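Worksheet for the structure shown next.
There are 2 protein chains.
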Amino acid sequence: MSNEDFNKRLFKYLDDHQKDYIQRLSDAVAIPSVSAWPDHRPEVFRMVQWTKSFMESLGIAVELADVGEQKLADGTKLKLPDVILGTYGNDKLKKTVVIYGHLDVQPAQVSDGWDTEPFVLTEKSGKLYGRGSTDDKGPVISWLNVIEAYQKLNEPFPVNVKFVLESMEEYGSEGLEDLLKSLKNTFLSGVDYVVISDSYWLGKEKPCLQYGLRGICYFFIDVESSTKDLHSGCFGGTIHEAMTDLIAVMSTLVDDQGRILIDGIYDEVAQLLPEEAEIYKRITFDVKAYSAEAGVDKTIQQDKEQILMHRWRYPSLTLHGIQGAFDGVGCKTVIPRHVIGKFSIRIVPNMKIATVEKLVEKHVKNVMEKRNSPNKVSVKLEHGGDYWLADPNHPQYVAARRATVAVHGIEPDLTREGGSIPITLTFQEQTGKNVLLLPIGASDDGAHSQNEKFDVSNYMNGMKVMGVYFQEVARV
Amino acid sequence: MSNEDFNKRLFKYLDDHQKDYIQRLSDAVAIPSVSAWPDHRPEVFRMVQWTKSFMESLGIAVELADVGEQKLADGTKLKLPDVILGTYGNDKLKKTVVIYGHLDVQPAQVSDGWDTEPFVLTEKSGKLYGRGSTDDKGPVISWLNVIEAYQKLNEPFPVNVKFVLESMEEYGSEGLEDLLKSLKNTFLSGVDYVVISDSYWLGKEKPCLQYGLRGICYFFIDVESSTKDLHSGCFGGTIHEAMTDLIAVMSTLVDDQGRILIDGIYDEVAQLLPEEAEIYKRITFDVKAYSAEAGVDKTIQQDKEQILMHRWRYPSLTLHGIQGAFDGVGCKTVIPRHVIGKFSIRIVPNMKIATVEKLVEKHVKNVMEKRNSPNKVSVKLEHGGDYWLADPNHPQYVAARRATVAVHGIEPDLTREGGSIPITLTFQEQTGKNVLLLPIGASDDGAHSQNEKFDVSNYMNGMKVMGVYFQEVARV
Ligand SMILES: [Zn+2]
Ligand SMILES: [Zn+2]
Ligand SMILES: [Zn+2]
Ligand SMILES: [Zn+2]
Numbered sequence: 001m002s003n004e005d006f007n008k009r010l011f012k013y014l015d016d017h018q019k020d021y022i023q024r025l026s027d028a029v030a031i032p033s034v035s036a037w038p039d040h041r042p043e044v045f046r047m048v049q050w051t052k053s054f055m056e057s058l059g060i061a062v063e064l065a066d067v068g069e070q071k072l073a074d075g076t077k078l079k080l081p082d083v084i085l086g087t088y089g090n091d092k093l094k095k096t097v098v099i100y101g102h103l104d105v106q107p108a109q110v111s112d113g114w115d116t117e118p119f120v121l122t123e124k125s126g127k128l129y130g131r132g133s134t135d136d137k138g139p140v141i142s143w144l145n146v147i148e149a150y151q152k153l154n155e156p157f158p159v160n161v162k163f164v165l166e167s168m169e170e171y172g173s174e175g176l177e178d179l180l181k182s183l184k185n186t187f188l189s190g191v192d193y194v195v196i197s198d199s200y201w202l203g204k205e206k207p208c209l210q211y212g213l214r215g216i217c218y219f220f221i222d223v224e225s226s227t228k229d230l231h232s233g234c235f236g237g238t239i240h241e242a243m244t245d246l247i248a249v250m251s252t253l254v255d256d257q258g259r260i261l262i263d264g265i266y267d268e269v270a271q272l273l274p275e276e277a278e279i280y281k282r283i284t285f286d287v288k289a290y291s292a293e294a295g296v297d298k299t300i301q302q303d304k305e306q307i308l309m310h311r312w313r314y315p316s317l318t319l320h321g322i323q324g325a326f327d328g329v330g331c332k333t334v335i336p337r338h339v340i341g342k343f344s345i346r347i348v349p350n351m352k353i354a355t356v357e358k359l360v361e362k363h364v365k366n367v368m369e370k371r372n373s374p375n376k377v378s379v380k381l382e383h384g385g386d387y388w389l390a391d392p393n394h395p396q397y398v399a400a401r402r403a404t405v406a407v408h409g410i411e412p413d414l415t416r417e418g419g420s421i422p423i424t425l426t427f428q429e430q431t432g433k434n435v436l437l438l439p440i441g442a443s444d445d446g447a448h449s450q451n452e453k454f455d456v457s458n459y460m461n462g463m464k465v466m467g468v469y470f471q472e473v474a475r476v
Numbered sequence: 477m478s479n480e481d482f483n484k485r486l487f488k489y490l491d492d493h494q495k496d497y498i499q500r501l502s503d504a505v506a507i508p509s510v511s512a513w514p515d516h517r518p519e520v521f522r523m524v525q526w527t528k529s530f531m532e533s534l535g536i537a538v539e540l541a542d543v544g545e546q547k548l549a550d551g552t553k554l555k556l557p558d559v560i561l562g563t564y565g566n567d568k569l570k571k572t573v574v575i576y577g578h579l580d581v582q583p584a585q586v587s588d589g590w591d592t593e594p595f596v597l598t599e600k601s602g603k604l605y606g607r608g609s610t611d612d613k614g615p616v617i618s619w620l621n622v623i624e625a626y627q628k629l630n631e632p633f634p635v636n637v638k639f640v641l642e643s644m645e646e647y648g649s650e651g652l653e654d655l656l657k658s659l660k661n662t663f664l665s666g667v668d669y670v671v672i673s674d675s676y677w678l679g680k681e682k683p684c685l686q687y688g689l690r691g692i693c694y695f696f697i698d699v700e701s702s703t704k705d706l707h708s709g710c711f712g713g714t715i716h717e718a719m720t721d722l723i724a725v726m727s728t729l730v731d732d733q734g735r736i737l738i739d740g741i742y743d744e745v746a747q748l749l750p751e752e753a754e755i756y757k758r759i760t761f762d763v764k765a766y767s768a769e770a771g772v773d774k775t776i777q778q779d780k781e782q783i784l785m786h787r788w789r790y791p792s793l794t795l796h797g798i799q800g801a802f803d804g805v806g807c808k809t810v811i812p813r814h815v816i817g818k819f820s821i822r823i824v825p826n827m828k829i830a831t832v833e834k835l836v837e838k839h840v841k842n843v844m845e846k847r848n849s850p851n852k853v854s855v856k857l858e859h860g861g862d863y864w865l866a867d868p869n870h871p872q873y874v875a876a877r878r879a880t881v882a883v884h885g886i887e888p889d890l891t892r893e894g895g896s897i898p899i900t901l902t903f904q905e906q907t908g909k910n911v912l913l914l915p916i917g918a919s920d921d922g923a924h925s926q927n928e929k930f931d932v933s934n935y936m937n938g939m940k941v942m943g944v945y946f947q948e949v950a951r952v
């Protein structure tokens with residue numbers, strides 16, 4: 001168990017400095033470090049420098065890793081922001097924790113529909129509105145605030161920490177995977193745990209720890225019918241139109257209950273274990289709030305367990321759209337010559353990307369063989385990312401559960417996410433160690449939306465959990 | 477029969493002035509009267525003035541009809557170009573012919589892929605390259621050149637002529653239909669024939685007259701699933717996605733042989749008459765050239781008659797695209813909340829728009845009733861335009877056939893078009909008289925493409941046909 005005396009002192013210290021922490025977050029939010037806007041790259045660099053200074057003031061040794069250049073669509077090159085590699089403590093007797101976070105933010109402007117200036121942190125009824133407040137400046141600064149609190153309280157830090165803070169996360173994390181691979185036997189060697197706070201609670205009230213993510217296989221179906229777009233008046237009725245084939249193929253992929261119709265696709269999906277249903281039953285999850293959040297009257301499944309299973313442990317297939325067809329407003333009488341249908345399959349344990357690719361190719365081939373069409377139809381796996389699954393009973397998870405109990409008085413829910421956070425898998429692969437997703441923000445923070453916010457209570461409790469986690473993970 | 481002596485003199489006069497005619501067309505092409513570009517509106521006005529001056533120099537009485545303002549997308553208003561109403565002759569003993577044409581052109585810039593400056597008429601190997609050369613400045617100027625030739629030859633003009641020359645044709649002919657309706661009992665009363673030269677031969681060598689056009693019913697299928705776009709990772713598998721329903725509905729509309737699958741849609745299509753196949757057999761049409769023009773290896777039908785029938789006398793259905801889905805390059809993991817599928821049916825005699833609308837609504841309803849989906853799906857006839865069919869044995873057609881024989885030495889093919897030229901029907905309705913489509917350009921002129929051209933031989937022979945047509949139509 002953690003040191004309850006110290007915990008009390010820590011919580012009091014943190015509570016006493018709430019104003020300072022808000023100011024600090026405010027300073028960070030004021031730097032519009034939008035990685036997707038090339039003309040804002042200097043602001044991203046400024047954010048890296050701001051963080052480096054803060055870290056160095058805490059005695060963290062900082063190295064800036066150059067990850068090269070980004071090639072823009074117009075051909076020009078732009079320096080990528082350095083990745084911050086921080087080292088705090090080097091005691092062979094202590095465990096070493098890797099903390100990942102990011103300093104860049106999503107684009108934001110008032111005209112998108114913000115009620116406040118996105119780069120001015122604004123407090124309203126206990127909520128801190130501002131771009132990056134919860135994603136991911138708040139959590140990153142929380143980690144650092146906790147280190148500072150230990151120092152002010154003259155408490156020896158329980159673990160060694162290595163920081164990996166990138167600034168291109170919202171634009172594909174360019175350069176990071178290669179960097180991590182290159183650090184495998186140096187910076188990352190000998191670490192014990194990886195922890196990431198860049199996700200959100202399942203709801204607004206109850207904390208959770210995440211131990212699973214779905215992967216994704218994103219496919220392009222390419223159909224080409226002629227060398228030029230044609231006019232449907234002149235040619236309609238005599239041409240094997242690309243859209244007719246594409247729509248026919250796309251219509252065979254998924255049924256009205258979300259069931260994927262590709263032969264064999266469920267064969268590798270992990271069997272439902274007898275105890276598994278129990279896990280889902282225990283999770284606090286409001287079905288009505290979920291429908292409201294999605295903005296639908298009726299979800300496919302009605303009960304909690306089924307909804308959660310279909311988000312987390314079953315695959316799903318989404319038809320995203322078509323490139324090359326008429327997509328504007330109004331009427332256009334074109335027969336598009338070349339169209340690309342786009343769909344993706346969310347994959348789960350124990351589906352293999354290679355199997356999914358093979359089954360989809362076979363399916364499309366079968367559908368087209370039954371059609372009498374001379375058009376060139378091909379399907380391509382444009383992007384594949386594996387699912388990720390950790391053991392929620394791993395010591396690091398136990399440590400985080402204890403920390404949550406110490407702060408919130410309840411066990412966190414053990415949950416998964418339906419989407420993917422590719423860096424999770426990369427860290428697991430390059431360290432070979434357990435990765436913990438430790439969210440401190442709430443489900444309604446609106447990370448990528450207008451009016452992104454971070455609740456003051458989540459900020460404060462998040463730091464407390466982090467503070468206790470360091471002690472717990474040192475002793476498990 | 478026409479006066480062969482005069483024909484000889486007319487042809488010689490026209491041939492002797494070829495250079496002048498090319499210069500005149502060059503002057504017109506030099507005015508970039510692009511109706512789709514608001515900032516070029518003054519050039520459209522300039523083209524109207526240029527034509528008015530030319531007509532007045534021939535003694536044609538010109539009135540400029542104000543058709544009001546155009547409302548741009550940004551809310552600003554722009555004056556529509558005046559429609560030229562010209563009156564040439566008012567002899568009660570003569571027939572009166574209405575000639576329609578347009579002075580505006582499609583957009584064009586070198587960067588679109590032109591080999592020459594689009595607004596500089598450039599002669600290369602007997603072809604006159606330039607925007608508007610064939611569509612429709614060449615034909616309009618041809619009519620006027622012929623009137624001039626009659627005058628220079630001191631030949632009494634055989635008919636009265638009324639001109640309707642608009643300058644918004646390439647942007648929806650805004651204002652024209654209302655104007656024609658308002659002129660029904662004044663300018664258009666008592667006319668005998670309408671002739672339009674704003675289409676093209678079926679091939680490159682043989683002249684034709686067109687007596688039919690398909691109509692169009694353009695439908696929007698609207699599917700809404702939620703109040704906001706969702707992330708396929710977070711929500712995929714639990715939501716009735718709008719795209720799944722839309723693609724399912726769109727896939728039931730047409731099969732791989734272009735056959736429309738909507739119940740009852742063929743019921744009103746005119747039965748194939750015993751003599752009809754003969755008509756198609758007589759037409760000169762190169763199947764290989766057609767495939768090459770379309771840029772396809774293989775058309776649905778292989779023989780000439782079947783291809784022509786499927787372009788002209790059978791309906792067809794084209795899936796144009798989807799609005800609201802992901803249509804960009806790359807991958808985006810969105811579940812679109814609201815998508816609009818767009819398709820159109822080309823309609824033929826004796827299909828009624830109201831019947832087509834009813835059948836499509838019923839079809840979509842039937843498909844959705846079999847699906848278990850709470851999504852709102854509606855279908856709407858966004859635009860309906862009737863087919864048009866004239867009697868190719870009508871005296872005006874006989875006159876044009878005789879004129880063609882006099883110039884080309886062969887009977888023109890009697891053909892239809894697969895597309896629609898809505899103004900044709902409007903003229904027929906407002907005058908109650910026969911409308912003749914008299915193309916003088918060739919099938920490869922590229923009216924709306926880069927490198928639009930008008931062959932010198934088509935220009936010269938076109939004027940000759942027009943010159944004889946005036947005599948023939950006066951006496952039939
Ligand atoms: Zn993030
Ligand atoms: Zn983010
Ligand atoms: Zn035209
Ligand atoms: Zn045109």
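Top line first, the protein sequences correspond to chains A and B. The first sequence lines up with residues 1 to 476 when you count with my numbering. The second sequence lines up with residues 477 to 952 when you count with my numbering. We put the CB at the ideal spot given by N, CA and C, even for glycine. Since the structure is predicted, the reported quantities are computational estimates derived from the model, not experimental observations.
Closest by C-alpha distance to VAL836 of chain B, out of B:LEU912, B:ARG787, B:CYS710, B:GLY740, is B:GLY740. Straight through space, the alpha carbons of PRO439 of chain A and LEU202 of chain A are spaced by roughly 9 Å. Following the DSSP letters along the chain, one finds PHE487 of chain B in no beta strand (DSSP E) but inside the alpha helix (DSSP H) bounded by residues 480-492. Within its own chain, the residues whose Cβ lies closer than 6 Å to the Cβ of GLY562 of chain B, once the five positions on either side in sequence are excluded, are MET531, ILE536, VAL538, PHE639, listed in chain order. Chain-ordered, the chain A residues with CB closer than 9 Å to the CB of HIS796 of chain B read SER232, MET243, ALA325, PHE326, CYS331, LYS332, THR333, VAL334, ILE335, PRO336.
Neighbours of LYS228 of chain A across chain B, judged by C-beta separation under 7 Å: GLY771. Note that the segment 836-856 of chain B touches the segment 728-744 of chain B; at least 3 beta-carbon pairs, one per stretch, sit closer than 8 Å.
Proximity of GLY203 of chain A to chain B, defined by a Cβ-Cβ separation below 7 Å, is not satisfied. Look at THR424 of chain A here: in three-state DSSP terms it is helix. CA-CA distance, ARG522 of chain B to PHE595 of chain B, rounds to 14 Å.
In this structure, the straight-line span from the alpha carbon of LYS228 of chain A to that of VAL334 of chain A is close to 10 Å. Under the 7 Å criterion on CB atoms, LYS298 of chain A is classed as interfacial with respect to chain B. For ASP542 of chain B, the Cβ stays outside the 6 Å cut-off from all heavy atoms of ligand 1. Contact between VAL105 of chain A and VAL34 of chain A holds, since their C-beta atoms are separated by about 6 Å, short of 8 Å. Along the length of the segment 574-660 of chain B, whole beta strand (DSSP E) runs at least 3 residues long occupy 598-600, 603-605, 636-642, reported in chain order. Residue contact check for GLY917 of chain B against chain A: no CB pair falls below 7 Å. Separation of the CB atoms of GLY894 of chain B and GLY233 of chain A is rounded to 5 Å, and the pair is thereby assigned contact status at 8 Å.
Note on GLN906 of chain B: 16 or more other CB atoms within 10 angstroms of its CB, so buried under the neighbour-count rule.
Taking a Cβ-Cβ threshold of 8 Å, the residues of chain A close to PRO850 of chain B are VAL296, ASP297, LYS298, in chain order. A Cβ-Cβ separation of about 7 Å places ALA718 of chain B in contact with ARG813 of chain B under the 8 Å criterion. Judged by their CB atoms, THR134 of chain A and ALA447 of chain A are nearer to each other than the 7 Å cut-off. Residue range 376-385 is occupied by the beta strand (DSSP E) that includes GLU382 of chain A. Under the three-state reduction of DSSP output, LEU556 of chain B falls in the coil class, being neither helix nor strand. The residues VAL941, VAL944, TYR945, GLU948, in chain order, have a CB closer than 7 Å to that of ALA879 of chain B in the same chain once the five nearest residues on each side in sequence are set aside. Going by C-alpha positions, PRO615 of chain B is about 8 Å away from GLY577 of chain B.
Neighbours of ASP580 of chain B in chain A, taken as residues whose beta carbon is under 9 Å from its own, are absent, since the nearest beta carbon is some 19 Å off. For ARG346 of chain A, the nearest beta carbon of chain B is closer than 7 Å to its own beta carbon. Taking 8 Å as the upper bound on Cβ-Cβ separation, chain A lies near no residue of the segment 545-574 of chain B. Within chain A, the residues GLY237, THR238 have their CB atoms less than 7 Å from the CB of HIS786 of chain B, given in chain order. ASN375 of chain A has its alpha-carbon roughly 45 Å from the corresponding atom of LEU656 of chain B. ASP178 of chain A counts as exposed, since fewer than 16 other beta carbons sit within 10 angstroms of its beta carbon. Per DSSP, reduced to three states, the secondary structure at HIS231 of chain A is strand.
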